[in-house]
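For the sequence shown, this note's numbering gives the first residue as 1, with consecutive numbering after it.
The beta carbon of each residue, even a glycine, is placed where N, CA and C say it ideally should be.
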Amino acid sequence: MAINVRNSPHDTSSVSVATNSAIDAKFSTGAAFTLDATSGSGSVKTENLLVRGDTDKRRVAGPIDGGGTAVSLTSRSGSIKLTSAGPRRP
1 MAINVRNSPH DTSSVSVATN SAIDAKFSTG AAFTLDATSG SGSVKTENLL VRGDTDKRRV
61 AGPIDGGGTA VSLTSRSGSI KLTSAGPRRP
């Protein structure tokens, strides 16, 4: 399942996805949100995202760029890949 998340400073709606398959989530550059991504039997990997919180093989959770909109991604049997559209900010 492919997901593209664009964040607006005025958007407070949350994003929640639960599936049995893999998730490939792409976030807009500079998006600020609070992430909770969990995989039951796969792995959770990030690319160009700085997570301040809990990270291990099957879970990544915490604020991204200061936090904000809640983003919950759950894959019961697939892996989760999280990518920022641009380079990570220092």
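Check, Outcome
"Reference T34, options L49, S77, D24, closest by Cα", "L49"
"CB of V15 within 9 Å of CB of A70, strictly", "yes"
"Alpha-carbon to alpha-carbon, K26 and S43", "16 Å"
"Beta-carbon spacing of L73, T38 below 9 Å", "yes"
"Under 9 Å between C-beta atoms of I23 and S79", "yes"
"V60 versus S75, T19, D36, residue with shortest Cα-Cα distance", "D36"
"Integer Cβ distance of G62 from D54, believed to fall under 8 Å", "6 Å"
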